[in-house]
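K.L.:
First residue of the sequence shown? That's 7 in this note's numbering, and the numbers climb one at a time after it. Note that beta-carbon positions come from the ideal geometry of N, C-alpha and C, so glycine has one too.
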Amino acid sequence: MHTGAGLATVHPVTVPPAPPPSEAVPVGRLDGRVAVVTGAAHGIGAATASHLAALGALVAVTDKDGNAARAVADSLVAGGYDSVGLTCDVSQPDDVASMVAAVVGRYGTVDLLDHNAAWTDFRSDLDAEGVDLDTWDAVFRTNTTGGLCLVRSVVPLMRARGGGAIVLISSGSASIGEHGRVAYGVSKAAIEQLGRHVATRYGRDGIRCNMVAPGFILTRSAARGVPEAGRARLARQNPLGRLGTPEDVARVVGFLLSDSAGFVNGQVLRVDGGLTVAPRLAGSD
């Protein structure tokens, strides 16, 4: 139609309707899906394994400490869930391959992966001048190369199933400068880039990959390593006025692995109460 002098012709536009909300899968559920969680004997990994089981997943609890991993799995089985505990040192490629083969032997495939295993040595992971090179190599073997080996092992299985979901656990150390822990921080920045690669390369295969970057999380080991006064100071510095818990991280991992996050891919979700984006709070010393 003619719209008058100086105005363009307006053509009608047909906007397709939004797809109806899915009612087939309850929000966040993982019923029947096979999940592998590394570093799952304690802390964030154990909380994640428990949360995924509660969402309906069949959970392989894996850790370098196989006895502790089996204890976590046994507790899940006692609660009515389907779980198996396996020994796996992710810094050893043969261990990763054997672990994934064991999961496939029990459950038939792998649908979900949460790479939580990580390591550093605070005594030798110092600054760029002082870091021990053996420590540097060992940190990368666990935190980064371990992630690569896991991805290589599970992607073909996920592709054959028509898709899957991966979460790589990063850290606030990947995006801030620190006076020490150079190997740990760089390894976590590298795991984020690995995740972006996986998201880009394998998205067309239906495989999503996201990263979770926790801040200071009050695990039992953290509680032992940081005095009560230090924990109180850290809580005051956080915009939410508290420290994170393993369950805070586990719930985010569960969301990212679920269909509720079906259009979330290649992202870093920071689970730190806003600490990395907020200025130092006045009166927090």
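1. Output needed for N271: all residues of its chain with C-beta closer than 8 Å, excluding positions within five of it in sequence on either side, in chain order.
2. When you compare each of A74, V188, A124 to G152 by their alpha carbons, which one comes out closest?
3. Which residue wins for smallest C-alpha separation from H203, given the options L163, V173, P245, S177?
4. Helix, strand or coil: how does DSSP classify I197 here?
5. In terms of residues, what are the limits of the beta strand (DSSP E) holding C94?
6. Hey, R276 and A219 are a contact pair by Cβ (cut 8 Å); roughly how many whole angstroms apart?
7. By how many angstroms is the C-alpha of R147 removed from the C-alpha of Q98?
8. Grab me the residues of S159's own chain with a C-beta within less than 7 Å of its C-beta, minus the 5 sequence neighbours each way, in chain order.
9. Could you tell me which of G91, A74, A46, T141 sits nearest to G191, measuring between CA atoms?
10. How many Å lie between P233 and N244 at the Cα?
11. Going by alpha carbons, who is nearest to I182 out of A284, L92, V157?
12. Does DSSP put V109 in a helix, in a strand, or in coil?
13. Would you kindly report the start and end of the unbroken alpha helix (DSSP H) that includes G231?
14. Within the same chain, show all residues whose beta-carbon is closer than 6 Å to that of M7, passing over the 5 residues directly before and after it, in chain order.
15. Using the three-state DSSP reduction, which class does D138 fall into: helix, strand or coil?
16. Hey, would you say V67 sits closer than 7 Å to G91, going by beta carbons?
17. Please list the segments of the alpha helix (DSSP H) lying wholly inside the stretch 237-264, counting only runs of 4 or more residues, in order along the chain.
18. Could you give the C-beta distance for V40 and L118, rounded to a whole number, given that I count them as a contact under 8 Å?
19. When you compare each of Y113, R112, G178, S227 to G49 by their alpha carbons, which one comes out closest?
20. Could you check if A75 is buried or exposed, using at least 16 other CB atoms within 10 Å of its CB as the buried criterion?
21. Taking Cβ positions, are S193 and N149 nearer each other than 7 Å?
22. When every heavy atom of the ligand SAH is checked, does at least one fall within less than 6 Å of the C-beta of G221?
23. Can L246 and G279 be called in contact, C-beta distance under 7 Å?
24. Whole angstroms are fine: how far does the CA of S264 sit from the CA of A288?
25. Around the Cβ of G38, are there at least 16 other Cβ atoms within 10 angstroms (buried) or fewer (exposed)?
26. Here's the rule I'm using: 16 or more other beta-carbon atoms within 10 Å means buried, otherwise exposed. How should N73 be labelled?
27. Could you tell me whether the Cβ atoms of L82 and A63 are closer together than 7 Å?
P.N.:
In short, the structure shows the following:
1. Position 265 of the sequence shown, counted from the first residue, corresponds to residue 271. The residues are A205, G209, R214, C215, N216.
2. Along the sequence shown, read from residue 1 onward, the residue named residue 152 stands at position 146. Ranking A74, V188, A124 by Cα distance to G152 puts A124 first.
3. Here residue 203 is taken as the residue at index 197 of the sequence shown, counted from 1. The residue with the shortest Cα to Cα distance from H203 is V173.
4. Within the sequence shown, the letter at position 191 stands for residue 197. Here I197 sits in helix by DSSP.
5. Reading the sequence shown from its first residue, position 88 is the one you call residue 94. Per DSSP, C94 belongs to no beta strand (DSSP E) and is neither H nor E.
6. Counting from 1 along the sequence shown, the entry for residue 276 is found at position 270. Counting from 1 along the sequence shown, the entry for residue 219 is found at position 213. Indeed they touch by this definition, with Cβ atoms about 5 Å apart.
7. As a position in the sequence shown, residue 98 is number 92, starting the count at 1. As a position in the sequence shown, residue 147 is number 141, starting the count at 1. Distance between the alpha carbons of Q98 and R147: 8 Å.
8. Numbered from 1 along the sequence shown, position 153 holds the residue referred to as residue 159. For S159, where only same-chain residues beyond five positions count, the Cβ hits under 7 Å are V102, A103, V106.
9. In the sequence shown, residue 191 corresponds to position 185, counting from 1. In this structure, T141 is the residue among G91, A74, A46, T141 with its C-alpha nearest to the C-alpha of G191.
10. Here the question's residue 233 lines up with position 227 in the sequence shown. Here the question's residue 244 lines up with position 238 in the sequence shown. Taking the straight line joining both Cα atoms gives about 17 Å.
11. Position 176 of the sequence shown, counting from 1, holds the residue named residue 182. Closest option to I182, Cα to Cα, is A284.
12. Here the question's residue 109 lines up with position 103 in the sequence shown. In this structure, V109 counts as helix in the three-state DSSP scheme.
13. Numbered from its first residue, the sequence shown carries residue 231 at position 225. Per DSSP, G231 belongs to the alpha helix (DSSP H) from 226-231.
14. If you number the sequence shown from 1, residue 7 lands on position 1. A caution first: M7 carries a pLDDT of 47, below 50, which makes its placement in the model unreliable, though a value can still be read off. Result list for M7: empty, nothing under 6 Å.
15. One-based indexing of the sequence shown puts residue 138 at position 132. DSSP, read as helix, strand or coil, puts D138 in coil.
16. On the sequence shown, residue 67 is found 61 positions in, with the first residue counted as 1. On the sequence shown, residue 91 is found 85 positions in, with the first residue counted as 1. Contact: yes.
17. 252-263
18. To locate residue 40, count along the sequence shown from 1; it is residue 34. To locate residue 118, count along the sequence shown from 1; it is residue 112. Indeed, because the Cβ distance is near 7 Å, the residues count as touching under 8 Å.
19. In the sequence shown, the residue the question calls residue 49 occupies position 43. Measuring from the Cα of G49, the nearest candidate turns out to be S227.
20. As a position in the sequence shown, residue 75 is number 69, starting the count at 1. Answer is buried; the Cβ neighbour count reaches 16.
21. Within the sequence shown, residue 193 is the residue found at index 187, counting from 1. Within the sequence shown, residue 149 is the residue found at index 143, counting from 1. Cβ distance < 7 Å, so S193 and N149 count as in contact.
22. By its list of ligands, the structure shown contains no ligand whatsoever, and the ligand SAH lies outside what it can speak to.
23. Residue 246 sits at position 240 when you count from the first residue of the sequence shown. Residue 279 sits at position 273 when you count from the first residue of the sequence shown. Yes, Cβ-Cβ distance for L246 and G279 is below 7 Å.
24. Here residue 288 is taken as the residue at index 282 of the sequence shown, counted from 1. Here residue 264 is taken as the residue at index 258 of the sequence shown, counted from 1. For A288, the pLDDT reaches just 43, beneath the cut-off of 50, and the residue's location in the model is therefore unreliable, although a value from the coordinates is still provided. C-alpha separation (whole angstroms): 39 Å.
25. Here residue 38 is taken as the residue at index 32 of the sequence shown, counted from 1. With fewer than 16 other CB atoms across the displayed protein chains lying within 10 angstroms of its CB, G38 is exposed.
26. For the purposes of this step, residue 73 is taken as residue 67 along the sequence shown, with counting starting at 1. Classified as exposed, N73 has fewer than 16 neighbouring CB atoms from the shown chains inside 10 Å of its CB.
27. Locating residue 82 in the sequence shown gives position 76, where the first residue counts as 1. Locating residue 63 in the sequence shown gives position 57, where the first residue counts as 1. Their beta carbons are not under 7 Å apart, which means L82 does not touch A63 by this criterion.
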